[in-house]
Every structure is written in C-alpha cells, then in structure tokens.
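Undergrad:
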Amino acid sequence: MQNTHILYFDGECIFCDSWIQFLYRQDKKKRLLFCALQSDYAANNIDSKLTKDLHTLVLSNKVKNKLYIKSGAVLRVLALVNPIFMPCLVFLLVPKCIRDFIYDIVAKNRYKLFGKKELCAAIPNLDRSRFIVK
432 MQNTHILYFD GECIFCDSWI QFLYRQDKKK RLLFCALQSD YAANNIDSKL TKDLHTLVLS
492 NKVKNKLYIK SGAVLRVLAL VNPIFMPCLV FLLVPKCIRD FIYDIVAKNR YKLFGKKELC
552 AAIPNLDRSR FIVK
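Under our numbering, the first residue of the sequence shown is numbered 432, with each subsequent residue one higher.
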C-alpha cells in the first residue's frame, strides 16, 4: 500500500532536509509523503500548535488517523521505511519524557549545528510527487 503516512518537517532546516532525503531513499515501498510544517497543507490538516512549533517532527498515519510527534515519530518512521530499523522500536519502551528530552536538545540546536535554508529549495533527484507543496 502506497502513501499511508505523511511526515511533516521543518522545511527550512538543513538537518531535516538531509533526514528527509535519507528516509526517501529507504522508503522503497513509497509509504511516505513529505510535507513542510510551513505549508498551507499542514496548516489545514494538523493542529496549529504543531505547525507553529518547527522543532516538532510529525508523522501522520492516514490509515489509523493517528499522529505521532517528536521521538515517537522518529522511531516509527524509521521502522516504517525499512524493516532493518524495526529494532529501533524497542526505544518506545523508554519513557516519552526522556526520549523527547533528547529529541528537544537536537531540535533546538539544529540550526546552530547545520544551518538554515530557503523553504522549498530544489530537492535533487527525488520524485516530486511524494512531496506535498500546497
């Protein structure tokens, strides 16, 4: 089944861009669509608290109508795109407050460490139909 999930991410973050390209390459079954949190589509389809907090990665399961955020989204999206990452799900046993604390440290420092780019910069060699740009 294709396009069962949407991953919302900070479209101006270089670190996030690299992460999205990695996930895209791993997702051979094309289960994921990608959408910037800054887009109109995100504003119309997920809670405004989530679109305003660009530190938050959001994974939407369209089949189950469920949202996962921060570390929960990271772990689940890894397992979704490639079975080799299934063991990562064991970290869901770690309390969410601890997982999200580590996630927040990385998220709050990503611009300092990796920089920022223009929204909607060209994504080389990727199938644009997998990116929601509305």
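All C-beta atoms, glycine included, are put in the ideal place defined by N, C-alpha and C. If you're wondering where the values come from, they're calculated on a predicted model, not measured in any experiment.
1) Among the candidates C519, M517, I477, whose CA atom is the shortest distance from the CA of I500?
2) If you count every other CB in all the chains shown that lies within 10 Å of the CB of C444, and 16 or more means buried, which is it?
3) Quick check on DSSP: helix, strand or coil for K525?
4) Once the 5 residues before and after T435 are set aside, which same chain residues still bring their CB inside 6 angstroms of it?
5) Within its chain, find whatever has a CB closer than 8 angstroms to the CB of D535; leave out the 5 residues flanking it on each side and keep chain order.
TA: From the atom records:
1) I477
2) buried
3) Residue identity differs from the one stated: residue 525 is Val in this sequence, not Lys. Looking at V525 - three-state DSSP - the assignment turns out to be coil, as it is neither helix nor strand.
4) R462, K493, V494
5) H486, K501
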